[in-house]
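Taking the numbering used here, the leading residue of the sequence shown gets -19, the next gets one more, and so forth. Have a look at the structure below before the remarks.
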Amino acid sequence: MVLKIRTYPDPVLRGKAKEVTNIDGALQRLIDNMIETMYAAPGVGLAANQVGILQQILVIDINPRQQTEYPLIALLNPRVVTAEGSAEGEEGCLSLPGFNAVVERAERVFVKGVDREGKETEIEATGLLAVALQHEIDHLRGRTILDKASPLKRSLYKKRALKKSAAE
């Protein structure tokens, strides 16, 4: 089932997601629905709070529907253990339609978490996968690329989004 993606200024985007403690059928359905929603959007990643759920769940597929060395990732309770280097790149976000910002991220990250079966997992990533992991983990902490944009760009987007929200 495709879920509704929450957009700014929805307060759930500022919420801090809680650790997942119970892996059951409902959680598996949520993960499947998040994957379907990410593909339908289309996007390369989605955090649970983007669909209104404050749990530490993210899904990422940097090469949707292609067989690559980077398969679909579903990760619970992710945390960046180490981050190295620095690079800037333009990012967009499904929760910030029409907004892009140049964001500085670590070039290489080492992330630990739990897979959808409850098994501890580790991911060492560079390039787009490193960016996607950092982007989605930021969401789970209540942060978006809006927080990383210049004050002027952030202010202009917020005014436009609030005006649109009030009109709906």
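We put the CB at the ideal spot given by N, CA and C, even for glycine.
Exposed or buried, residue i, counting other C-beta atoms within 10 Å across all chains shown (16 or more means buried)?
i, result
"alanine 112", "buried"
"threonine 124", "buried"
"serine 135", "exposed"
"glycine 23", "buried"
"leucine 132", "exposed"
"leucine 76", "buried"
"arginine 85", "buried"
"glutamine 8", "exposed"
"aspartate 127", "exposed"
DSSP three-state label for residue i, please.
i, result
"isoleucine 3", "coil"
"leucine 56", "strand"
"asparagine 29", "helix"
"leucine 38", "strand"
"alanine 67", "strand"
"glutamate 97", "coil"
"asparagine 13", "helix"
Considering only residues of the same chain and omitting the five flanking positions on each side of residue i, which have a CB-CB separation below 6 angstroms?
i, result
"valine -8", "Arg(-14), Asn29, Gly32"
"leucine 120", "Ala(-3), Ala27, Gln36"
"isoleucine 3", "Gly98"
Which residues bound the alpha helix (DSSP H) around residue i?
i, result
"arginine 134", "131 to 147"
"isoleucine 125", "Where isoleucine 125 is concerned, there is no enclosing alpha helix (DSSP H), given that its DSSP letter is neither H nor E."
"valine 111", "107 to 120"
How close, in whole Å, do the beta carbons of residue i and residue j come, if the pair is a contact with beta carbons under 8 angstroms?
i, j, result
"asparagine 57", "glutamate -1", "5 angstroms"
"proline 88", "glycine 65", "Inspection of the sequence shows that residue 88 is occupied by arginine rather than by proline. Indeed they touch by this definition, with Cβ atoms about 6 angstroms apart."
"valine 91", "valine 60", "6 angstroms"
Leaving out five residues before and five after residue i in sequence, what residues of the same chain have Cβ atoms less than 8 angstroms from its Cβ?
i, result
"alanine 20", "Val(-18)"
Going along the chain, which residues of its own chain have a beta-carbon closer than 7 angstroms to the beta-carbon of residue i, five neighbours each way excluded?
i, result
"isoleucine 149", "Outside the modelled stretch of the chain, which goes from -19 to 148, sits residue 149, for which no answer is possible."
Could you give the residue range of the beta strand (DSSP E) that holds residue i?
i, result
"valine 82", "80 to 85"
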